[in-house]
Every structure is written in C-alpha cells, then in structure tokens.
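Student:
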Amino acid sequence: MPSGDEVVLENLASEVSGVQRQRVRDDHGGTVEALVLPPGRAEQVPQGGIFAAHAFDGTRLLLGPPLARNVADLRPPPLAVLGIAARILEDLDTLHRVGGVHGGIAPEGVGVDELNCLRVRPCLHLAQDSSPQGDVAALGRVVASLVDVSRLESAGVRHARSWLSGMGDGGRVGFPDARAARQALAAATRGVPIAEAASSFLAAEGVSIPPPAREIRVRPAPGREVQAADRPMEARVAEARAWLARATTTARDERYTREARVAAEADILSRQLHERTEQALDAARALSRAEAERLVQTTPARAMFFVPSGHRRPDDDAIEAPEAESLDDERSADSSMGIKMGVATGEL
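If you read the sequence shown in our numbering, its first letter stands for residue 1463, the second for the next number, and so on.
#1: By alpha-carbon positions, which one of 1529, 1566, 1528, 1506 ends up nearest to residue 1518?
#2: In angstroms, rounded to a whole number, what distance separates the CA positions of residue 1620 and residue 1657?
#3: Please confirm whether residue 1436 and residue 1563 have their CB atoms less than 8 Å apart.
#4: Per DSSP, residue 1518 is paired with what?
#5: Would you kindly work out how many angstroms separate the C-alpha atoms of residue 1556 and residue 1513, rounded to a whole number?
#6: Please determine if the region 1625-1645 and the region 1596-1615 are in contact, where contact requires at least 3 C-beta pairs separated by less than 8 Å.
#7: For the beta strand (DSSP E) that residue 1496 lies in, which residues bound it at each end?
#8: If you drop the 5 nearest sequence neighbours on each side, which residues of the same chain put their C-beta closer than 7 Å to that of residue 1469?
#9: Could you check what DSSP says for residue 1740 in three-state terms: helix, strand or coil?
#10: Whole angstroms is fine: what's the gap from residue 1758's alpha carbon to residue 1738's?
#11: Could you round the C-beta distance between residue 1639 and residue 1598 to whole angstroms and report it? I think they count as a contact, below 8 Å.
#12: If you follow the beta strand (DSSP E) that residue 1471 is in, where does it begin and where does it stop?
#13: Indicate whether residue 1548 and residue 1644 have their beta-carbon atoms separated by less than 8 Å.
#14: Which class does residue 1577 belong to by DSSP, given the choice of helix, strand or coil?
#15: Residue 1580 and residue 1671: beta carbons closer than 8 Å?
#16: Determine, using beta carbons only, whether residue 1477 and residue 1530 come nearer to each other than 8 Å.
#17: Got a sec, what are the start and stop residues for the alpha helix (DSSP H) residue 1603 sits in?
#18: Would a C-beta distance cut-off of 8 Å place residue 1649 and residue 1637 closer than the cut-off?
#19: Tell me the DSSP secondary structure of residue 1543 in three-state form.
#20: Tell me the rounded alpha-carbon separation between residue 1443 and residue 1627.
#21: Leaving aside the five residues before and after residue 1585 along the sequence, list all residues of the same chain whose C-beta is less than 8 Å from its C-beta, in chain order.
#22: For residue 1753 and residue 1730, I'd like the C-alpha separation in whole angstroms.
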C-alpha cells in the first residue's frame, strides 16, 4: 500500500494528542479508516474474536471500511443489549488475562462490519483511561447509551442497577477488570436468557456473532506484563460477589431512603389536604349561617311559628274574630235581602 500523503482522502477529528485519524485509499481503490499512532501503540491494539482485525503498514493502523451499521441503529431490546455486553466482556476477559488493554471501546465503535458480523473497532481517537478498569467503564458507557436501568428492571433484571453501578454508572467503577464484571453480570442475570436474546435478535437482523477468541493477538501494555499471570478463580469470584453485595446494599439503602422521603412527602400532603378541607368546611358553615339569617329576616313572622298539632296560639281567636264577624254580617245582609225580595214578590 502506498504510504505517501497522496493516499490520504480526509483527516478526521481526534481528541487524543499524538493520534491522527484519517480516511485513506487502499491498494484496491477502496476507502478505509486509518489511525496514525505513537510508536509502539499499534502493537497493543487487540484483534481476534469480536475485536475487529486490522493491518499495520509501518505508519498507519488500517482498520478497514467504515462500519456498515452501528449497534445503536439496530435498536436492540434490553436483554439483547446485556447479551452483547456479555459477549464483549468474554473477549475482554481473555485480553486482560494476557496483560492487554483495549483502550478504545466506544458506542461508535460497536457495530456491524461489511460482512454483517458484530465487531468492536478501536476508537483510539477518543480519550479514555487505558487500563482494564477503563475498558470496563467504557463498555458501561456503551450499555448506558443503548438502554437505561428502568427498562432492564422491567425486563426482569432485578439487579441491573447494582451491575451498572459497578460498570461506572454514577461515576465510580467498581469492577477492576472484565473478569469481575463478567462474573457479576452472570450473577445479576441468573435465570435471565440474555445470550439467547442477543443471538436471536441479531440473527433476525442478519448479523452473526463471532465465536469467542481462543487467544488475543496483542502485546501487553506497559506495566501489565507481570499482571498477565491470572489470579486464582476463587479470588476473582469472591471479589465480584463482594462488589455485587456492596452494590446491592447501597441500592437497597437508596430505595429505603426514597421510600422514607415519599412517605414524608405523603404525610405533608395529607396534612395540607386536611387543613384545606377544614377551611372549606368552615367556609361552608359560615355561608350556611349567613343564608339562615337572611331567610329569618326576609320570611313573614307568621310563617316562622311552629304550632304542634292540636294546639292553638293565644292570638288565634283575635285573628279569627274579625273573620267571624264578617261572616255574621254577610248572613244578616243575606237575610235582609231575602225579606225585601219576598215583600216585593208578594210571597211574604
């Protein structure tokens, strides 16, 4: 492949000092992505398994054509996201055990290549911690970009919050390497078919998953040569379980705190509702009294008397007397009229 400047088609953005990102033309006229790295860094970039293959021409790390699709474009469901994360952790575990560090895991680098195979392409142009714990945190950011904890819990992953906390969600990474993160994920998803969910989803999308790498071709990172010797399995399992227990306790304490806060807020709202109800009742009582007083003032006095059945008020006779006299006068008048009419007709 030519190594002159004439093959560089485009210089792309890079936020890491000493790393140049380019788009170049290969020997076959195709367009590939390339990275110009500091001396010795290219040999530390892993390949094999789910990690995308690359070539080094002495000057540039040739990554191949751009990814055909990003994993975010596939919109995987929650369990499939964890299945994909578990598959990446599997090869990261192999990498960390031989003293390697990826140092370039990012959401934009996880996707489908031109052969419709799921791959992780190094994004070394993005600044991140080049350590096993940094790899775990970077993968945690990939998971967080695809799914949130509420969807995972709704899908049946009860300890999703604890595991994501260990992956760096919240700012502090708890898992020291991929082995601990992988074992904690297995514990958090016990009985949940995340691997099956990922394989069935990707198969439906026409995407294949590469088999686990038997070995990762990489040169150990500086300072990691001695750490390449694996610690006993029991120690790592105990470490992962201890972290998961601490994270679970923290999550439980946070839940109790939230519940106490909600109970206190509910108590405050209950008291406020009671006070407002009493105020409304007092206002209604005052309005009722005012209306009763108005009725007393506007209703005739007679209508306000209550006389039990069979009783007469003292002034009934006085009230009824004029009516009696009026009836007597009417009868007298009628009698006089009758007499007069009888005389006139000769009947009397």
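Yeah, the Cβ is synthetic: ideal placement off N, Cα and C, and Gly gets one too. Everything numeric in this text was worked out from a predicted model, so none of it was measured.
Tutor: By the coordinates alone:
#1: 1506
#2: So the two alpha carbons sit approximately 17 Å from each other.
#3: The structure shown does not extend to residue 1436, since the chain is modelled only from 1463 to 1810, so the question has no answer here.
#4: Beta-bridge partners assigned by DSSP to residue 1518: 1523.
#5: 11 Å
#6: yes
#7: 1493-1498
#8: The answer, listed in chain order, is 1486, 1487.
#9: helix
#10: 30 Å
#11: 7 Å
#12: 1470-1474
#13: Yes. Within cutoff.
#14: coil
#15: yes
#16: no
#17: 1594-1608
#18: no
#19: helix
#20: This structure does not reach residue 1443, given that the chain is present from 1463 up to 1810, and the question cannot be answered.
#21: 1566, 1567, 1568, 1570, 1571
#22: 35 Å
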